[in-house]
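Protein chains: 4
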Amino acid sequence: MDFLGIADEEFIRQDVPMTKQEIRILSLVKAQIAPDAVIYDIGAGTGSLSIEAARLAPKGEVYAIERSSEGINLIRANAANFAVTNMQVIQAEAPDGLADLPEADAILIGGSGSRLPEILETVTPKLKQTGRLVLNCITVQTLMQCIEFMRQHSDIYIYEAIQVQVTRLQQVGTYDMAKANNPIYIVKRER
Amino acid sequence: MDFLGIADEEFIRQDVPMTKQEIRILSLVKAQIAPDAVIYDIGAGTGSLSIEAARLAPKGEVYAIERSSEGINLIRANAANFAVTNMQVIQAEAPDGLADLPEADAILIGGSGSRLPEILETVTPKLKQTGRLVLNCITVQTLMQCIEFMRQHSDIYIYEAIQVQVTRLQQVGTYDMAKANNPIYIVKRER
Amino acid sequence: MDFLGIADEEFIRQDVPMTKQEIRILSLVKAQIAPDAVIYDIGAGTGSLSIEAARLAPKGEVYAIERSSEGINLIRANAANFAVTNMQVIQAEAPDGLADLPEADAILIGGSGSRLPEILETVTPKLKQTGRLVLNCITVQTLMQCIEFMRQHSDIYIYEAIQVQVTRLQQVGTYDMAKANNPIYIVKRER
Amino acid sequence: MDFLGIADEEFIRQDVPMTKQEIRILSLVKAQIAPDAVIYDIGAGTGSLSIEAARLAPKGEVYAIERSSEGINLIRANAANFAVTNMQVIQAEAPDGLADLPEADAILIGGSGSRLPEILETVTPKLKQTGRLVLNCITVQTLMQCIEFMRQHSDIYIYEAIQVQVTRLQQVGTYDMAKANNPIYIVKRER
Numbered sequence: 001m002d003f004l005g006i007a008d009e010e011f012i013r014q015d016v017p018m019t020k021q022e023i024r025i026l027s028l029v030k031a032q033i034a035p036d037a038v039i040y041d042i043g044a045g046t047g048s049l050s051i052e053a054a055r056l057a058p059k060g061e062v063y064a065i066e067r068s069s070e071g072i073n074l075i076r077a078n079a080a081n082f083a084v085t086n087m088q089v090i091q092a093e094a095p096d097g098l099a100d101l102p103e104a105d106a107i108l109i110g111g112s113g114s115r116l117p118e119i120l121e122t123v124t125p126k127l128k129q130t131g132r133l134v135l136n137c138i139t140v141q142t143l144m145q146c147i148e149f150m151r152q153h154s155d156i157y158i159y160e161a162i163q164v165q166v167t168r169l170q171q172v173g174t175y176d177m178a179k180a181n182n183p184i185y186i187v188k189r190e191r
Numbered sequence: 192m193d194f195l196g197i198a199d200e201e202f203i204r205q206d207v208p209m210t211k212q213e214i215r216i217l218s219l220v221k222a223q224i225a226p227d228a229v230i231y232d233i234g235a236g237t238g239s240l241s242i243e244a245a246r247l248a249p250k251g252e253v254y255a256i257e258r259s260s261e262g263i264n265l266i267r268a269n270a271a272n273f274a275v276t277n278m279q280v281i282q283a284e285a286p287d288g289l290a291d292l293p294e295a296d297a298i299l300i301g302g303s304g305s306r307l308p309e310i311l312e313t314v315t316p317k318l319k320q321t322g323r324l325v326l327n328c329i330t331v332q333t334l335m336q337c338i339e340f341m342r343q344h345s346d347i348y349i350y351e352a353i354q355v356q357v358t359r360l361q362q363v364g365t366y367d368m369a370k371a372n373n374p375i376y377i378v379k380r381e382r
Numbered sequence: 383m384d385f386l387g388i389a390d391e392e393f394i395r396q397d398v399p400m401t402k403q404e405i406r407i408l409s410l411v412k413a414q415i416a417p418d419a420v421i422y423d424i425g426a427g428t429g430s431l432s433i434e435a436a437r438l439a440p441k442g443e444v445y446a447i448e449r450s451s452e453g454i455n456l457i458r459a460n461a462a463n464f465a466v467t468n469m470q471v472i473q474a475e476a477p478d479g480l481a482d483l484p485e486a487d488a489i490l491i492g493g494s495g496s497r498l499p500e501i502l503e504t505v506t507p508k509l510k511q512t513g514r515l516v517l518n519c520i521t522v523q524t525l526m527q528c529i530e531f532m533r534q535h536s537d538i539y540i541y542e543a544i545q546v547q548v549t550r551l552q553q554v555g556t557y558d559m560a561k562a563n564n565p566i567y568i569v570k571r572e573r
Numbered sequence: 574m575d576f577l578g579i580a581d582e583e584f585i586r587q588d589v590p591m592t593k594q595e596i597r598i599l600s601l602v603k604a605q606i607a608p609d610a611v612i613y614d615i616g617a618g619t620g621s622l623s624i625e626a627a628r629l630a631p632k633g634e635v636y637a638i639e640r641s642s643e644g645i646n647l648i649r650a651n652a653a654n655f656a657v658t659n660m661q662v663i664q665a666e667a668p669d670g671l672a673d674l675p676e677a678d679a680i681l682i683g684g685s686g687s688r689l690p691e692i693l694e695t696v697t698p699k700l701k702q703t704g705r706l707v708l709n710c711i712t713v714q715t716l717m718q719c720i721e722f723m724r725q726h727s728d729i730y731i732y733e734a735i736q737v738q739v740t741r742l743q744q745v746g747t748y749d750m751a752k753a754n755n756p757i758y759i760v761k762r763e764r
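Protein chains in written order, with our numbering: chain A, 1 to 191; chain B, 192 to 382; chain C, 383 to 573; chain D, 574 to 764.
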C-alpha cells in the first residue's frame, strides 16, 4: 500500500488540471482495482490517476485516453518518471479511441469534455459484469448527466454518489491557514 | 435591507485580503447592529465590513482600525465610493488605537495579526453589557485563542461558533463549475 | 437589523424540516427585501423564512404558500408568536394558489415538491422587472431544474449560484465538536 | 486493493461512533501500511480501522486499544466476522496498555478521550524512525493539541493537516439529497 497515495508535487503537471491526492485515493480505492485489472482512464490529464492505477495493477494494463497533445506529453513524462510500463497512452477524444480496447474491470472518468453521455453509452457494454466505474465531476451538469444515465440504466448501475471537500491547513509561520480545494463529486457504480 | 449585501466586485481591493460577501452578511447580521450603534472594525483590511456596518448604522459611528497604509488608503477610497461618512479610520495595530474609543455595541474582528489575546483583553471592558462581538478566523490558532478566551471569561462570554464554507458555481459556457472559497470560522458572543 | 437572524430554537417546528438560520439570513439578504415589498414564500414549511421576511417588510405583505396542514398550523403558530400580521397563509400546492397574488418584489422558494419547473413558469411573469427570486435546494435535481430554467430564460434571469455548508461547533464539556448541517444550494436572480 | 474500502454497513456498530469509510480509506492510505507492518489503533471504537489495517498487513500485527467493554466486544465481533486473526485487542485507556508493545510502523489515533498529549508523549518514542502517525479529530481542541505537539517536536514531526467533509447524495425517489457527514481533521506525520 505504499504504492498508493503519491504526493501531488511528485507529478509534472504544468498548467494541466490534476485530480488531487485525496480524490485520487478515494477514486482508486472505490474502483477496487485487482492486480491483473484492465483499466481505462478517460480524460487522463496529467496521467496521475493512470499511474497510480498502473501501480495497483502490476499484472494488468491501463489505457490512458487524452485528447490534448500537452496532456499526452505529460502522461508520458510522468509514466517515465515513475517507471510505469503497463500503460498505453492513446491520443483521442473519448468515446473515440475506445472501440478496440479489451473489456474493462475498472473505468475511471476524470475529464469528459462535453461528451459524457456518449462516453457512458460507449463504455457501458465494455464494462465487465462486476466491473467498477468511477467518475469525478466538478460541474453540476456532469454530475447530473451521470446520475441520469445510471438511473435510466438501473439494471446495470446501482450507484453511490458523494461530494468530497478537502481543505488543507497550510503552515504559515506559527499559523495553520485553511485553504480549500474545490469540491469534487465522486460517482461510483456499486455493482 | 437593500443596503446590506454589497457584491465583492464593488469594492476596490487590490491585493489586500477581503472578507467575502456571504461572510460579511452573516457576520453583520449576527452582530445585530442597531441604527445608532457604535462599532469597531478591527483589522479592517479593505474596509468592506466597515462600510456595510456604517450603512446599517446611519446614526451610529464605525471605527475602522487597520495597521497598513495600503489598507488605510483602500478603506478611504471605498468609503468615498459608497459615500459613507459615519466612519473614522484609525491607522494602528490593535490593541493600539482602541483606548480612547467610546463603548461599543458591536465589535468586529476580521484581522488580528498575532495579537488576538491582547485585543480580546483590551476590548472586553469596552463592550457594552449587551454588546456583540463577532470574530472571523481563517486559522485554527486564532479560532482556538478566541474560544479559550471566551471559555476563560464565561461570565461575560457565551459563544456560538460555526464554520462556513461557500462554494461558487462559476458559469463557464454550458457548465457551472464548483469553485471553493476558503472556509471561515465565525465566533460570536451570544450574550 | 436586530429583526433579522432569529435563532432556530425560537421557532416551533415539530418534525417539519426548517431552513436553518444562516441559510435564512443569506437568502433574505440576497433577496434585498425593501420595507414595502410584496413577497411570496413558496413551500413555507414552518414559516421561518416568511416571518423574517415579514419583519423586513413591515409595510409590505408576505404570502406564505404551503401544502400540508401541519405546516399551515405551524406557520400560524409561529406568526402569532412573533406577532407578525403582514402575512397571508395560503394552503395550496404551488403553483396552485399563486394566480391571484399581486406582482412580487421577492420570491423565495424553499420547498418545491416535485413541481419546480411549473412553479418557475408560473411565477416568472409575476416577478417585477427588478424583482428577486431566491431558491434553496437540497437536491441536485432541483438545483439543475432551476439552473436549466434560468439558462433557457436568460433574457430574464442572470443568476448567481452558491453552495453553503455550515458546521456548528457544539460545546461538549471542554471540547467544541464539529457537527455539519446539510449543504444547501442558493440560486438567486441577480437581475 | 479489493481488501480496502469496506462499506460502513458491513461493520457491527450498535451505538458506538465509527470512522466513516472515506475517512478510513484516507487515513489508512496516508499511513502507508506495508504487508508486515506493526500497527497501533488507539481508541479503536468498533475496530473498523483495525480490521482494514489488519487486511493491509497480513504478515503484520495490529494492536487495537479501546477502553470500553462495549467497544472491545464490537471489535472482537467484527474481527470474527471478517476472519481477521493478526489483531490483538487490548482493553485499556491509552496511554495505558502501550508500554509493552513492539515498535510501531504506523500509529492510528481515532479516539483519544481527554488524554491526547499524554498519548502523543508515550507513542512518539515507540514510533519507528520512518513510521507514520495518523490522527483523526472531530474537535478543535484535539486538532490543536496534536498540531502544538508536532510543532514542539519538529525534529521528529513534519506534519500534513487536512479537513475532509464528505456529503452523501442519498437517493430518495427521483431525487439525490445532500446529507452531510461531520467534517474530520486528519493530521499525518509526513516523515
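Heads up, the beta-carbon is just placed ideally off N, CA and C, and yes, glycines get one too.
Report task. Might you give, ordered along the chain, the residues of its own chain that have their beta carbon closer than 8 Å to the beta carbon of A:Ser-205, omitting 5 neighbours on each side? Result -> The question about residue 205 of chain A has no answer, for chain A in this structure spans 1 to 191.
Report task. For D:Lys-632, name the three-state secondary structure that DSSP assigns. Result -> Indexing the fourth sequence from 1 puts residue 632 of chain D at position 59. Coil, per DSSP.
Query raised in the report: Who are the near neighbours of B:Arg-246 in its chain, counting only those whose CB is closer than 8 Å to its CB and skipping five residues on each side?
Result: Here the question's residue 246 of chain B lines up with position 55 in the second sequence. If we look at B:Arg-246 and ignore the five residues flanking it on each side, its Cβ neighbours are Phe-194, Leu-195, Phe-273 and Val-275.
**Report entry** 3-residue-minimum beta strand (DSSP E) runs that sit fully inside the segment 487 to 572 of chain C, ordered along the chain
**Finding:** 509 to 519, 541 to 554, 557 to 562 and 566 to 571
Query raised in the report: Nearest CA to the CA of B:Glu-261: which residue from B:Gly-251, B:Ala-290 and B:Val-207?
Result: Your numbering for residue 261 of chain B matches position 70 in the second sequence. Ranking B:Gly-251, B:Ala-290 and B:Val-207 by Cα distance to B:Glu-261 puts B:Val-207 first.
Query raised in the report: I think B:Gly-236 touches B:Gly-302, with their Cβ atoms under 8 Å apart; what is that distance to the nearest whole Å?
Result: Taking the second sequence and counting its residues from 1, the one referred to as residue 236 of chain B is at position 45. Taking the second sequence and counting its residues from 1, the one referred to as residue 302 of chain B is at position 111. Indeed, because the Cβ distance is near 6 Å, the residues count as touching under 8 Å.
Report task. Could you check if C:Ser-496 is buried or exposed, using at least 16 other CB atoms within 10 Å of its CB as the buried criterion? Result -> Numbered from its first residue, the third sequence carries residue 496 of chain C at position 114. Exposed is the call here.
Query raised in the report: By Cβ distance below 6 Å, which residues in the same chain neighbour C:Leu-508 in space, the five residues on each side in sequence not counted?
Result: Counted from its first residue, the third sequence places residue 508 of chain C at position 126. The sequence as given places Lys at residue 508 of chain C; Leu does not occur at that position. Cβ within range, chain order: Glu-485 and Ala-486.
Query raised in the report: Taking 6 Å as the cut-off, is the CB of A:Pro-17 close to at least one heavy atom of the ligand ATP?
Result: Although the ligand ATP was asked about, the structure shown includes no ligands whatsoever.
Report task. Can you tell me which of C:Phe-531, C:Lys-441, C:Gly-513 and C:Tyr-557 puts its alpha carbon nearest to the alpha carbon of D:Gln-714? Result -> Position 141 of the fourth sequence, counting from 1, holds the residue named residue 714 of chain D. Cα-wise, what sits closest to D:Gln-714 is C:Tyr-557.
Query raised in the report: Is the distance from the Cβ of D:Ser-621 to the Cβ of D:Met-591 below 7 Å?
Result: As a first step, residue 621 of chain D is located in the fourth sequence; it is residue number 48 there, counting from the start. As a first step, residue 591 of chain D is located in the fourth sequence; it is residue number 18 there, counting from the start. Cβ distance < 7 Å, so D:Ser-621 and D:Met-591 count as in contact.
Query raised in the report: Since D:Thr-740 meets chain C, which of its residues come closer than 9 Å, beta carbon to beta carbon?
Result: Translated into the one-based positions of the fourth sequence, residue 740 of chain D becomes position 167. Neighbours of D:Thr-740 on chain C, chain order: Gln-547, Ala-562, Asn-564 and Pro-565.
Query - Burial state of C:Pro-565 (16 or more Cβ within 10 Å) - result: One-based indexing of the third sequence puts residue 565 of chain C at position 183. The residue is buried, with at least 16 neighbouring Cβ atoms inside 10 Å.
**Report entry** 7 Å Cβ shell around D:Ile-711 - same chain, five flanking residues per side excluded
**Finding:** The sequence position of residue 711 of chain D within the fourth sequence is 138, counting from 1. Around D:Ile-711: Asn-755 and Ile-757.
Query raised in the report: When the Cα of B:Ile-203 is compared with those of B:Ala-228, B:Leu-265 and B:Leu-289, which residue comes out closest?
Result: Taking the second sequence and counting its residues from 1, one reaches residue 203 of chain B at position 12. The shortest C-alpha separation from B:Ile-203 is found at B:Leu-265.
Query raised in the report: Which one of A:Met-150, A:Pro-35 and A:Gly-43 has the shortest CA to CA distance from A:Ala-53?
Result: Within the first sequence, numbered from 1, the residue matching residue 53 of chain A stands at position 53. Per the Cα distances, A:Pro-35.
Requested in this report: In the DSSP assignment, find the beta strand (DSSP E) that holds B:Val-275 and state where it starts and stops.
Outcome: In the second sequence, residue 275 of chain B corresponds to position 84, counting from 1. B:Val-275 -> no beta strand (DSSP E), and no H or E assigned at all.
Report task. For A:Asp-36, name the three-state secondary structure that DSSP assigns. Result -> Along the first sequence, one-based indexing puts residue 36 of chain A at 36. Three-state DSSP puts A:Asp-36 in coil, outside helix and strand.
**Report entry** Of the listed residues D:Leu-689, D:Glu-666, D:Tyr-636 and D:Ala-650, nearest to D:Met-717 (C-alpha basis)
**Finding:** Here residue 717 of chain D is taken as the residue at index 144 of the fourth sequence, counted from 1. Looking at the Cα atoms, D:Leu-689 is the closest of the given residues.
Query raised in the report: Do you know offhand how far B:Glu-312's Cα is from C:Ile-491's?
Result: Here residue 312 of chain B refers to the residue found at position 121 of the second sequence. Here residue 491 of chain C refers to the residue found at position 109 of the third sequence. In a straight line, the C-alpha of B:Glu-312 is about 44 Å away from that of C:Ile-491.
Query raised in the report: Is the shortest distance between the beta-carbon of D:Gly-578 and the beta-carbons of chain A less than 7 Å?
Result: Stepping through the fourth sequence from its first residue, residue 578 of chain D is reached at position 5. Answer yes: the Cβ-Cβ gap between D:Gly-578 and chain A drops below 7 Å somewhere.
Query raised in the report: Closest to A:Ile-107 by CA distance: which of A:Arg-151, A:Ile-6, A:Glu-9 and A:Ile-39 is it?
Result: Locating residue 107 of chain A in the first sequence gives position 107, counting from the first residue. It is A:Ile-39 whose Cα lies nearest to the Cα of A:Ile-107.
Query raised in the report: Is it right to say D:Asp-614 is buried, meaning 16 or more other beta carbons lie within 10 angstroms of its own, or is it exposed?
Result: Taking the first residue of the fourth sequence as position 1, residue 614 of chain D is located at position 41. When all chains shown are included, D:Asp-614 counts as buried.
Query raised in the report: Exposed or buried, D:Glu-582, counting other C-beta atoms within 10 Å across all chains shown (16 or more means buried)?
Result: Numbered from its first residue, the fourth sequence carries residue 582 of chain D at position 9. Flag for D:Glu-582 reads exposed.
Query - Buried or exposed (CB count within 10 angstroms, at least 16 for buried), B:Pro-286 - result: For the purposes of this step, residue 286 of chain B is identified with residue 95 of the second sequence, where counting begins at 1. When all chains shown are included, B:Pro-286 counts as buried.
Report task. Starting from the beta carbon of A:Val-140, find every residue of chain C whose beta carbon is closer than 9 Å, and list them in chain order. Result -> What you label residue 140 of chain A is simply residue 140 of the first sequence in a count that begins at 1. The contacting residues are Val-522, Leu-525, Met-526, Ile-529, Ala-543 and Tyr-567.
Requested in this report: Please check the pair B:Leu-289 and B:Val-325, which I expect to be a contact at CB under 8 Å, by giving their CB distance rounded to whole angstroms.
Outcome: Counting from one through the second sequence, the residue named residue 289 of chain B turns up at place 98. Counting from one through the second sequence, the residue named residue 325 of chain B turns up at place 134. Wrong, their Cβ atoms sit about 16 Å apart, outside the cutoff.
Report task. For C:Glu-404, count neighbouring Cβ atoms within 10 angstroms of its own Cβ and tell me buried if that reaches 16, exposed if not. Result -> For this step, residue 404 of chain C is matched to residue 22 along the third sequence. It is buried - the Cβ of C:Glu-404 has at least 16 other Cβ atoms within 10 Å.
Query raised in the report: Where does B:Ile-203 sit, in a helix, a strand or coil, going by DSSP?
Result: Taking the second sequence and counting its residues from 1, one reaches residue 203 of chain B at position 12. Here B:Ile-203 sits in coil by DSSP.
Query raised in the report: By Cβ distance below 8 Å, which residues in the same chain neighbour C:Leu-551 in space, the five residues on each side in sequence not counted?
Result: Position 169 of the third sequence, counted from the first residue, corresponds to residue 551 of chain C. Answer for C:Leu-551: Asp-558, Met-559, Ala-560 and Lys-561, listed in chain order.
Query raised in the report: DSSP beta-bridge partners for A:Ile-42?
Result: Walking along the first sequence from the start, residue 42 of chain A turns up at place 42. According to DSSP, A:Ile-42 bridges with A:Ile-65 and A:Ile-109.
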